[in-house]
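Residue numbers (this note's numbering): 1 to 187. So the structure is just underneath, and the comments pick up after that.
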């Protein structure tokens with residue numbers, strides 16, 4: 001996936017598509033943040049933000065907020081993490097994307113951040129409060145929900161969540177499988 005992001009950035013820069021360039025840099029920042037446990041990503045986010053201000057397209061702002069939220073999560077900056085997620089959700093709502101893959105991404109990663117912040121109740125509220133219609137989001141939400149149950153001490157609920165994931169083949173593919181494996185290991 002990173003290869004496609006890098007190609008997209010190069011193409012957007014070459015063609016002068018500022019919105020795509022900003023979005024690509026924001027995605028790159030998320031990868032840099034995740035790959036370095038929060039040490040890098042700030043410069044790419046700053047440049048993405050600068051470029052996004054030069055275009056009327058607001059979609060890149062949603063991606064920027066999501067990536068910045070990941071960076072804040074990795075750094076343990078819970079207040080700013082929540083602020084970024086809420087800002088991203090406002091952009092999603094403005095675009096009419098409340099039930100989109102993008103909104104699901106913001107919710108599931110926001111809930112994971114709440115688990116890291118030792119706030120299982122807030123994570124569960126986020127995961128229960130809005131539907132995850134896409135398969136990927138549903139699989140991630142299920143694993144995060146299970147981890148929140150463990151953190152809250154609700155082990156019977158966590159076991160039930162694992163049984164639900166076992167019945168969903170999407171939870172055995174790619175990133176969803178990684179998060180399910182982490183949930184199973186914690187359980």
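By construction, the Cβ of each residue, glycine as well, lies at the ideal position given by its N, Cα and C atoms.
How many angstroms separate the CA atom of residue i from the CA atom of residue j?
| i | j | result |
| --- | --- | --- |
| residue 77 | residue 100 | 26 Å |
| residue 169 | residue 177 | 10 Å |
| residue 122 | residue 151 | 12 Å |
| residue 116 | residue 18 | 34 Å |
| residue 58 | residue 91 | 7 Å |
| residue 47 | residue 70 | 17 Å |
| residue 83 | residue 24 | 22 Å |
| residue 1 | residue 105 | 16 Å |
| residue 167 | residue 120 | 24 Å |
| residue 6 | residue 102 | 20 Å |
| residue 184 | residue 14 | 45 Å |
| residue 65 | residue 157 | 32 Å |
| residue 182 | residue 98 | 28 Å |
| residue 139 | residue 124 | 15 Å |
| residue 159 | residue 35 | 30 Å |
| residue 118 | residue 28 | 28 Å |
Would you say residue i touches the ligand COA, meaning its beta carbon is less than 8 Å from a heavy atom?
| i | result |
| --- | --- |
| residue 110 | No copy of the ligand COA occurs in the structure displayed, which carries no ligand at all. |
Within its chain, find whatever has a CB closer than 8 Å to the CB of residue i; leave out the 5 residues flanking it on each side and keep chain order.
| i | result |
| --- | --- |
| residue 127 | 107, 108, 111, 141, 144, 145, 148 |
Buried or exposed: which applies to residue i, given that a residue is buried once 16 or more other Cβ atoms fall within 10 Å of its Cβ?
| i | result |
| --- | --- |
| residue 73 | buried |
| residue 50 | exposed |
| residue 85 | buried |
| residue 4 | exposed |
| residue 190 | In the structure displayed, the chain extends from 1 to 187; residue 190 sits before or after that span and is not available. |
| residue 10 | exposed |
| residue 174 | exposed |
| residue 79 | exposed |
| residue 113 | buried |
| residue 200 | In the structure as shown, the chain starts at 1 and stops at 187, and residue 200 therefore has no counterpart that could be examined. |
| residue 96 | exposed |
| residue 137 | buried |
Might you give, ordered along the chain, the residues of its own chain that have their beta carbon closer than 7 Å to the beta carbon of residue i, omitting 5 neighbours on each side?
| i | result |
| --- | --- |
| residue 32 | 40, 41, 44 |
| residue 8 | 20, 24 |
Measure how close the beta-carbons of residue i and residue j come, nearest whole angstrom, since I'm counting them as under 8 Å.
| i | j | result |
| --- | --- | --- |
| residue 162 | residue 187 | 6 Å |
| residue 88 | residue 62 | 5 Å |
| residue 56 | residue 26 | Their Cβ separation, rounded to whole angstroms, is 17 Å, which puts residue 56 and residue 26 out of contact at 8 Å. |
Can you list, in chain order, the residues of its chain with a C-beta nearer than 6 Å to that of residue i? Leave out the 5 residues immediately preceding and following it.
| i | result |
| --- | --- |
| residue 20 | 12 |
| residue 30 | 67, 70 |
| residue 37 | 74 |
| residue 180 | 143, 165, 171 |
Problem set entry | alpha helix (DSSP H) runs contained entirely in the region 35-60, provided each spans 4 or more residues | 42-52
For this session: Any chance you could list the alpha helix (DSSP H) runs of at least 4 consecutive residues sitting entirely within the region 124-163, in chain order?
Result: Runs found: 135-152.
For this session: Note down, one range per segment and in chain order, each alpha helix (DSSP H) of at least 4 residues found wholly within the region 73-133.
Result: 78-95, 101-116, 120-129
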